[in-house]
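Remarks on the structure that follows.
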Amino acid sequence: MAEFQSKVSTWTSSPAQGAGASVSTLCMDLGFVRSRLRVFMLLQLLHMKLYKAPWPLVLMIFNIIAAMLYVTAFIACSAAVDLTYLKGTQPYNQRAVASFFACLVMVAYGVSAFFSYQDWRGVGSSAYNGYY
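Each residue of the sequence shown is one higher than the one before, counting from 1 in UniProt numbering.
So, in C-alpha cells, the structure goes:
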C-alpha cells in the first residue's frame, strides 16, 4: 500500500496565468446533449414538424422499395445455387433455403405494399382521405 501512495500525486496544476477564459468554460455541455431530456425534446420537435406527413404514402413507398430490394436478393441468391452441387449437400441446401426465404419476404412486402396502396387511395371507405 505504501508503494501505491508514493506513486500517486494528488496535486493539480493551475491554469496558465493571463490565458483568459479556460477551455472548460468554452466547451459545450455534452452531458445535456446525450441526456434523456434532450432526446425527449428532439422527439417532441420531430412530432410537431411531422404530424401532417402522409404516413400511408410513406409506408407504401417503403414497402415498394423493400419489395424491390428483396427481388434483387432473391435473384442473386437463386443464381448462387450451383446446380453442380449434389442435392442434399450443405452448400446447396443453404442457398436454396436462403432463396426460398428471400422469395417469401419479397411476397410479404409486395402484399403489404398492395394494402398500403389501398390504404393510401382510401379504397373501401368513402369518408377516409388517407391523412390523419
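For glycine and all other residues, C-beta sits at the position ideal for the given N, C-alpha and C.
When only Cα atoms are considered, Cys77 and Val97 end up about 9 Å apart. Annotation: the continuous alpha helix (DSSP H) that includes Pro91 extends over 90 to 121. Look at Leu42 here: in three-state DSSP terms it is helix. Out of Met48, Arg34, Ile61, the CA that lies nearest to the CA of Tyr109 is found in Ile61.
Note on geometry: alpha-carbon atoms of Ala73 and Ile65 lie some 12 Å from one another. Residue burial is scored here from C-beta neighbours: Asn93 has fewer than 16 other C-beta atoms within 10 angstroms and is therefore classed as exposed.
Sorting Met68, Ser99, Val71 by C-alpha distance to the C-alpha of Val81 places Ser99 at the top.
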